[in-house]
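Chemist: Residues in the sequence shown are numbered from 150 upward in steps of one, following my numbering.
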Amino acid sequence: TSFMIMMASGRFFGDRLINKFGRKNVMQISGIMISFGFYMAVFFPYIIPCTLAFMIIGLGVSTVIPTLYSIAGKHPTIPTGEALTAVSSVSFLGFLMGPPIIGHISELFGLQFSFAFIGMFGILIAFLVKRVKAME
150 TSFMIMMASG
160 RFFGDRLINK
170 FGRKNVMQIS
180 GIMISFGFYM
190 AVFFPYIIPC
200 TLAFMIIGLG
210 VSTVIPTLYS
220 IAGKHPTIPT
230 GEALTAVSSV
240 SFLGFLMGPP
250 IIGHISELFG
260 LQFSFAFIGM
270 FGILIAFLVK
280 RVKAME
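(1) Of the choices 277, 282, 255, whose alpha-carbon is the least far from that of residue 191?
(2) Could you say which of 188, 182, 227, 211 lies nearest to residue 157 if we only look at CA atoms?
(3) Pair every Cβ in the region 270-278 with every Cβ in the region 176-195, then say whether three or more of these pairs are closer than 8 Å.
(4) Pull up the distance between the alpha-carbon of residue 223 and that of residue 233, whole angstroms please.
(5) Locate the alpha helix (DSSP H) running through residue 185, then write down its first and last residues.
(6) Which runs of the beta strand (DSSP E) spanning at least 3 residues fall entirely within the region 215-251, listed in chain order?
(7) Return the CA-CA distance between residue 258 and residue 248, expressed in angstroms with no decimal places.
(8) Quick check on the DSSP output: the alpha helix (DSSP H) that includes residue 209 runs from which residue to which?
(9) Given a cut-off of 9 Å, decide if residue 251 and residue 204 are closer than it, judged by their beta-carbon atoms.
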């Protein structure tokens, strides 16, 4: 619940943050927040720290997907419909495949390891944003 509340809240003011600080900066901070939240949940596996951790993750995630859709919709060479369809397909595939994969990793190595693994994707977001020209 804490994750969803913060993700919804972040969506309401995410555009203002992007307009003020730029896409690249907001996406980098979002990636860092996602990683920080997951690693906080890994290292402090208790109810209050985990609740705070998932609030941080929710805020971090709140701007990532809308920003990706925005970038795809403004792609200079791919028609808008095709670009949005591609992003939607990949995100839907992640929606379908993510939980079973995370569950399998968790079954093999433990829930904390699976959260640490997911936290690496936040770091990946923060580093890849520097290389994407569409972010500028």
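C-beta atoms are modelled at their ideal positions from N, C-alpha and C, and glycine is treated no differently.
Modeler: Let me spell this out:
(1) 255
(2) The residue with the shortest Cα to Cα distance from residue 157 is 211.
(3) yes
(4) 10 Å
(5) 172-192
(6) none
(7) So the two alpha carbons sit approximately 15 Å from each other.
(8) 196-211
(9) no
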